[in-house]
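Our numbering puts the first residue of the sequence shown at 323, with every later residue one more than the last.
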Amino acid sequence: MSAEEFLAGLSVIASLVVLEGLLSVDNVLGIAALANELPEHQQKRAIRVGLFLAYLFRVLALFVAGWLATNTWVRWLGAGYLIWLMSSHLTRGHAHDVSEVLTDSDPTNDDQPIQTTSPRTMTVVLLQIGLMDLSLSIDNVIAAVGLAPKQANGDPLMWPIYAGVLIAILALQQIAPHAINLLKQYPILEPTAFILIGYVGALLIGEEGYRLITGAPIHLPAYVKFVGILMIIIVALTYDADQRVQRIVTPLVRFSMPVMRVVTRVVGVIVWPLEQLIAMI
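Rendered as C-alpha cells:
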C-alpha cells in the first residue's frame, strides 16, 4: 500500500465517521420508537439487540455491496418495507402530540376515543427492528462505498470503509441508549421517527424508479438525505409551538392518511400468514 493510498484511506475514514453519524439518525430514532412500544423493563434490551442487528447488517451489507448494487430488487423490497413500516405505525395511532391528525379524529370531539394498538411482543418488535436495520443498511452502505478511493486497477479500496463504519458504530453505541429519554422528552419524535423511515424508503424508490425509467443508475448525495432528515426533525419540533407549521403540515398528513391505510391493508393481507406464525412463537 502506497503512502498516497494510506492518506486517502484516512481521509475516507474521517469522512465516513461523520457521514455514518449523520445518516444513522433515522436508524437510531427508529429503533428507539419501536422499542418504546414495549414495557419499560424490556426497552433497553430491545435497543441493545436492535443496535447489534444494525451493526451486523451494516457489516454484512459491506461485504455484499457489489451484489446489492446489481440486484436492484433487494432495494425495491427494502424501500417497500420501510414505507409499510411508516404507514402501519402512523395509521395505528402511534402519535402523541399530533394524535388527532394521525388518527384522523376530530380534536373538537371529546367523546371520540383515540385509536390505539394492542401491546406488541418482544419477538414482533425485534423482528420489525431487524428488518428495518437491514433495509436502512442497504442505503447507508451504498453511500459509504461511494466514498471509497479507487485503486490502480479501478476497484474501490475497502479497508477505509470497514474501519470508518466500525468507528462510527462504536460512537453511535454511546449515543443510542439516550434515544428513549429523548422520545420521552419530545414525544412528537416518535411519529417523526417513522416519517424519517418512510422518507428513506421514498428516496430508495425514487432512485430505483429513475433507473427503471432511464436505464441510468443514480444515487442521491448523502447531504440530500441529511438535509431532508434535518428539515423533518425541525418541522416536528416546531409543530406544537408554531400555528403556521400546523396549517401547512396538518393538511399534508390528512391527505396522506388514506394512502398509508391502503399500503398498510394491502401489505397486511400479504404478510398475514407470517404474523400468525410469529404470534404462535
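The beta carbon of each residue, even a glycine, is placed where N, CA and C say it ideally should be.
Option in the options with minimal Cα separation from residue i
i, options, result
"Leu504", "Met454, Ala538, Ile555", "Ile555"
"Arg414", "Met579, Gln450, Ile489, Ser346", "Met579"
"Thr586", "Ser410, Pro543, Ile540", "Ser410"
"Trp406", "Ser346, Leu360, Tyr521", "Tyr521"
"Ile527", "Val396, Gly550, Asp562", "Val396"
"Asn462", "Leu332, Gln568, Val386", "Val386"
"Ile540", "Pro509, Leu525, Met553, Phe548", "Leu525"
Sub-7 Å separation of residue i and residue j beta-carbons
i, j, result
"Leu412", "Phe516", "yes"
"Leu375", "Gly452", "yes"
"Ile491", "Leu404", "no"
"Met454", "Gly352", "yes"
"Leu458", "Asn349", "yes"
"Ile460", "Leu390", "yes"
"Ala558", "Thr514", "yes"
"Val347", "Ile489", "no"
"Ala355", "Glu512", "yes"
Contact set for residue i: own chain, Cβ-Cβ below 7 Å, skip 5 residues either direction
i, result
"Ala357", "Gln365, Ala368, Ile369, Gly372, Val447, Ile502"
"Tyr377", "Ile491"
Contacts around residue i, its chain only, beta-carbon distance under 8 Å, and the 5 residues preceding and following it disregarded
i, result
"Ile497", "Val350"
heavy atom of the ligand PLP below 6 Å from residue i C-beta
i, result
"Tyr532", "With respect to the ligand PLP, the structure shown offers nothing to examine, as it has no ligands at all."
7 Å Cβ cutoff, residue i in contact with chain B
i, result
"Asp562", "Absent from the structure: chain B. Only one protein chain is present."
Sequence-distant residues of its chain with Cβ nearer than 6 Å to residue i (five each side left out)
i, result
"Met444", "Gln364"
Touch test, the region 400 to 410 against the region 371 to 385, Cβ-Cβ under 8 Å, three pairs minimum: No: fewer than three Cβ pairs fall under 8 Å.
Segment contact flag, the region 522 to 540 with the region 581 to 592, C-beta cutoff 8 Å, min 3 pairs: No: the two stretches stay apart, fewer than three of their Cβ pairs being nearer than 8 Å.
Minimum length 4: unbroken alpha helix (DSSP H) runs contained in the region 531 to 563: Residue ranges of uninterrupted alpha helix (DSSP H) with 4 or more members, entirely inside the region 531 to 563 and ordered along the chain, are 544 to 561.
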